[in-house]
Amino acid sequence: MALGKDLLGLEHLTAEDLLLILDTAEPFKEVSERAIKKVPALRGKTIVNLFFEASTRTRISFEFAEKRLSADTVNVSASGSSVQKGENLVDTARNLEAMKIDMVVIRHGSSGAARFLGERIASNVINAGDGKHEHPTQGLLDLLTIRDRRPIAGTKACIVGDVLHSRVARSNIWGLLKLGAEVAVCGPKSLLPLGIEGLGVRVFHRIEEAIAWADVLNVLRLQMERMESGYIPSQREYYRVFGVTLERLERAPRELLILHPGPMNRGVEIDSRVADGPHSVILDQVTNGVAVRMAVLYLLAGGRPELAEAAKGGGDH
Amino acid sequence: MKPLVLKGGRVVDPSQRRDEVADVVLMGGTVAGIGRGQGTPDGAEVLDAAGLVVAPGFVDLHVHLREPGREDAETIATGARAAVAGGYTTVCAMPNTDPVCDNQAAVGFVLKQAREAGLAHVYPIGAVSLGQRGEYLTEFGEMVAAGAVAVSDDGKPVATAHLMRTALEYAQTFGIPVIDHCEDHSLTAGSAMHEGLVSARLGLKGWPRSAEDVVVARDLALAELTGGHVHLAHMSTAGAARLIREAKARGVRVTAEVTPHHLALTDACCEGYDTNAKMNPPLRETHDLEAMREALVDGTIDCIATDHAPHPYDAKDQEFDDAPFGIVGLETALGVAMVELVAPGRMGLPALIHRMATRPAEIARLPAGTLRTGAPADVVAFDPAAEWTVDPTRFFSKSRNTPFAGRRLRGLVRWTVVGGRVAHAGGGARP
Numbered sequence: 002m003a004l005g006k007d008l009l010g011l012e013h014l015t016a017e018d019l020l021l022i023l024d025t026a027e028p029f030k031e032v033s034e035r036a037i038k039k040v041p042a043l044r045g046k047t048i049v050n051l052f053f054e055a056s057t058r059t060r061i062s063f064e065f066a067e068k069r070l071s072a073d074t075v076n077v078s079a080s081g082s083s084v085q086k087g088e089n090l091v092d093t094a095r096n097l098e099a100m101k102i103d104m105v106v107i108r109h110g111s112s113g114a115a116r117f118l119g120e121r122i123a124s125n126v127i128n129a130g131d132g133k134h135e136h137p138t139q140g141l142l143d144l145l146t147i148r149d150r151r152p153i154a155g156t157k158a159c160i161v162g163d164v165l166h167s168r169v170a171r172s173n174i175w176g177l178l179k180l181g182a183e184v185a186v187c188g189p190k191s192l193l194p195l196g197i198e199g200l201g202v203r204v205f206h207r208i209e210e211a212i213a214w215a216d217v218l219n220v221l222r223l224q225m226e227r228m229e230s231g232y233i234p235s236q237r238e239y240y241r242v243f244g245v246t247l248e249r250l251e252r253a254p255r256e257l258l259i260l261h262p263g264p265m266n267r268g269v270e271i272d273s274r275v276a277d278g279p280h281s282v283i284l285d286q287v288t289n290g291v292a293v294r295m296a297v298l299y300l301l302a303g304g305r306p307e308l309a310e311a312a313k314g315g316g317d318h
Numbered sequence: 011m012k013p014l015v016l017k018g019g020r021v022v023d024p025s026q027r028r029d030e031v032a033d034v035v036l037m038g039g040t041v042a043g044i045g046r047g048q049g050t051p052d053g054a055e056v057l058d059a060a061g062l063v064v065a066p067g068f069v070d071l072h073v074h075l076r077e078p079g080r081e082d083a084e085t086i087a088t089g090a091r092a093a094v095a096g097g098y099t100t101v102c103a104m105p106n107t108d109p110v111c112d113n114q115a116a117v118g119f120v121l122k123q124a125r126e127a128g129l130a131h132v133y134p135i136g137a138v139s140l141g142q143r144g145e146y147l148t149e150f151g152e153m154v155a156a157g158a159v160a161v162s163d164d165g166k167p168v169a170t171a172h173l174m175r176t177a178l179e180y181a182q183t184f185g186i187p188v189i190d191h192c193e194d195h196s197l198t199a200g201s202a203m204h205e206g207l208v209s210a211r212l213g214l215k216g217w218p219r220s221a222e223d224v225v226v227a228r229d230l231a232l233a234e235l236t237g238g239h240v241h242l243a244h245m246s247t248a249g250a251a252r253l254i255r256e257a258k259a260r261g262v263r264v265t266a267e268v269t270p271h272h273l274a275l276t277d278a279c280c281e282g283y284d285t286n287a288k289m290n291p292p293l294r295e296t297h298d299l300e301a302m303r304e305a306l307v308d309g310t311i312d313c314i315a316t317d318h319a320p321h322p323y324d325a326k327d328q329e330f331d332d333a334p335f336g337i338v339g340l341e342t343a344l345g346v347a348m349v350e351l352v353a354p355g356r357m358g359l360p361a362l363i364h365r366m367a368t369r370p371a372e373i374a375r376l377p378a379g380t381l382r383t384g385a386p387a388d389v390v391a392f393d394p395a396a397e398w399t400v401d402p403t404r405f406f407s408k409s410r411n412t413p414f415a416g417r418r419l420r421g422l423v424r425w426t427v428v429g430g431r432v433a434h435a436g437g438g439a440r441p
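Protein sequences, first through last, are from chains A and B.
Numbering-wise, my numbering comes out as the position in the first sequence, counting from 1, plus 1.
Numbering-wise, my numbering comes out as the position in the second sequence, counting from 1, plus 10.
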């Protein structure tokens, strides 16, 4: 398979790889619309969802994707597990391997943790977010959501907010650049990585300029911890200076598409009227998330893309 | 002890500006003389040094030998064994052990273990502050009387400007340098690597150059204020080199060291989250590397020190954020320096030996770094042309954590002589 054993990030995938995943996701969208939301593509496969960090949305989305493909799944969260008792990631990996599983979906607080696991076990590893590094399935579902509305090539997409600490931002930057979009980031300099221009993105420090430039805004969640550690002074000022508000969007030269990876802080990084408004595709992102994750699981398990349509149809694939 | 003659080698002794083919005669634990075609003393053992460089044994101002506390990573005996394998006859042990070397008894313990090992000379460095907690000065006087040769809170910076000031003042009574680890913790909390494009891509918290530069600037100002001797450990940034150069020009009593890895590697080595590239200070960018080489060549940075930092085999087998900092360096230092500095012609052999032996001995006022008649018979003989491949499983150190595994290096230690005895005989047979 062109994708290799693991999905660790979008940085090292080609445009062809990305399109393969997005195109494979298309037929899987329909499965979730059915009365009986289940196809047998991964019947007999065992998948562990290994979440070292709290997650609701991503974990549930993966779990639905796995169950709709008929895989057997086990959820492991850090609290209450051997991890909390001091077991390190190497030993966790060896124990999982010893239980003869097929795939691991890992969410971890350390950048590089998914790769670390992938290098040590024979099972497929899917990165569901590693530290501040990448969140590839989020990047993919964002691409799919944009592509549903407009061609990605030539689109001007701006990622707004705490890029420094965001794995979503990095996966978005790689995915969008590879598919021919122009990419910018916007935020206070204290929340942008030093030298981010080196990745091939434009930088805005004023949200008004970003809105005037962009076709698509991907608005990142602002974590409370950023105030505590002194990156910015307050949520109140952040909203005043960087908030994506209806008033600011109304001044835009064209209609923007608004994405947000969730969970949202209404009235902090995004105005409720924008989040709930006609340009928001935030819930479409959630729906596409399941289809994209089904596609990734299917492809890594060795499924052939040309059979994805058939795979969703019946048992004789 | 039988007299020992290293016959017919290229004798390079920067302390005497000597670089000639000659015999080195060692008797009674000291250098008896250097000359051509000297008679061999009765009963002497003769080592054929033809084709080898014969030089004062190397001196390392900065090693972590982990004993007491982490004997699973290294002991004073295994560290001293690794030292002589790398051509080092003298090493200075940093005090960040468990417990911390912050009193005369702890200093005595290091010396006792070193004496029992009977390999390289090991000189203890005492802590600047009790427990390295950055609060109260340790008893410099008692530690020096017991054998300490410097003070440092290495692993951490001297915590406050006031503590650094008093340490630099108080140390002058005892004629020892204060060695500082220059890192502003408020800029490096949670950081795992250099701040730049690579850290931005890998999503690792970046460690800016300025975290080093601001403490270097502080220490230089305080050395100037007090007239004390500050020695700056493991420099890594172009900015630090600039600050030191400027301070030296004004006569500030500052000396500085750089590690082999900061002369050879950049933050690109962190790609793939390779924890053997995780160092404190972190590997920087190409222009820092060039600034370090230039500063070592022009004397702004005085010497090479390894910052030998052993960790048990599984300690680096973790997520990058959680892995400990540092690498072992004693057994690869010469090879890396030869490849990075001498082979490309940045520096001649006499200059390299000055920075690995003569100059560090001067900085800590150690009886080493010279082959003058009467000096301790501490000598290294190495083949400057021999190439070898780094195989960490063959290290004498207890630990294997090195980013140089698999690298071709040049310069193979043939004999290391400590106090007139052969402490290490390396084969020409290394693959």
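Glycine is no exception: its CB is placed at the ideal position from the N, C-alpha and C atoms.
What is the residue span of the beta strand (DSSP E) that residue i lies within?
i, result
"M104(A)", "104–109"
"T399(B)", "389–399"
"V31(B)", "28–37"
"I44(B)", "40–45"
"L422(B)", "418–428"
"L258(A)", "258–260"
"L118(A)", "No beta strand (DSSP E) holds L118(A); the alpha helix (DSSP H) holding it covers 114–119."
"V56(B)", "55–58"
In this structure, what does DSSP give as the bridge partners for residue i?
i, result
"C159(A)", "A185(A), L218(A)"
"R168(A)", "Beta-bridge pairing links R168(A) to no other residue."
"T47(A)", "D73(A)"
"D23(B)", "R28(B)"
"H434(B)", "T426(B)"
Considering just the uninterrupted stretch of the alpha helix (DSSP H) at residue i, what are its terminal residues?
i, result
"A292(A)", "283–301"
"N96(A)", "90–99"
"E152(B)", "150–156"
"K30(A)", "16–32"
"S273(A)", "273–276"
"Y146(B)", "It is not in any alpha helix (DSSP H) - Y146(B) carries neither H nor E in the DSSP assignment."
"H131(B)", "Run containing H131(B): none in the alpha helix (DSSP H); it sits in the beta strand (DSSP E), 131–136."
Near residue i, which residues of its chain fall below 6 Å by C-beta distance, leaving aside the five closest residues on each side in sequence?
i, result
"F52(A)", "R60, S78, R108"
"W175(A)", "L11, E12"
"A182(A)", "I153, T156, A158"
"T15(A)", "none"
"R263(B)", "A233, H239"
Within 8 Å (strictly less), CB to CB, does residue i reach chain A?
i, result
"G206(B)", "yes"
"L275(B)", "no"
"Q453(B)", "Nothing in the structure corresponds to residue 453(B), since chain B is present only between 11 and 441."
"L23(B)", "A small fix is needed here, since residue 23(B) is Asp in this sequence, not Leu. No, its Cβ sits nowhere closer than 8 Å to a Cβ of chain A."
"Q182(B)", "no"
"A287(B)", "no"
"D190(B)", "no"
"A325(B)", "no"
"D194(B)", "no"
"A301(B)", "no"
Checking contacts by CB at 8 Å: is residue i closer than that to chain B?
i, result
"G132(A)", "yes"
"V91(A)", "yes"
"D317(A)", "Low confidence applies to D317(A): its pLDDT is 39, below 50, so where it sits in the model is not reliable, and the reading given next is rough at best. It does not; no Cβ of chain B falls within 8 Å."
"P262(A)", "no"
"F205(A)", "no"
Could you name the residues of the same chain whose beta carbon sits closer than 7 Å to that of residue i, not counting the 5 residues immediately before and after it, in chain order?
i, result
"G45(B)", "A32, D33"
"G18(B)", "V31, D33, D58, A59, A60"
"S281(A)", "I259, V275"
"K39(A)", "R69, S71"
"R440(B)", "Summary for R440(B): the model assigns pLDDT 42, below 50, so the residue's position carries little reliability; its value from the coordinates is reported in the next sentence. These residues qualify, in order along the chain: W398, L422."
Using a Cβ-Cβ cut-off of 8 Å (strictly less than) and excluding sequence neighbours within five positions of residue i, which residues of its own chain qualify?
i, result
"I86(B)", "L75, E77, A103, V120, Q123, A124, A127, V132"
"L275(B)", "A287, L293, L299, P413"
Problem set entry | Start-end ranges of the alpha helix (DSSP H) lying completely within the segment 188–266 of chain B, minimum 4 residues | 195–198, 207–212, 220–236, 248–259
For this session: Could you name each continuous beta strand (DSSP E) segment of 3 residues or more that falls completely within the segment 64–123 of chain B, going from the start of the chain to the end?
Result: For secondary structure counted as the beta strand (DSSP E) over 3 or more consecutive residues, the segment 64–123 of chain B holds these complete runs in sequence order: 68–73, 98–103.
Problem set entry | beta strand (DSSP E) runs wholly inside the segment 192–251 of chain A, at least 3 long, in chain order | 203–205, 217–220
Problem set entry | Chain-ordered residues of the segment 212–239 of chain B with a beta carbon less than 7 Å from chain C | Of the protein chains in the structure, A and B, none is chain C.
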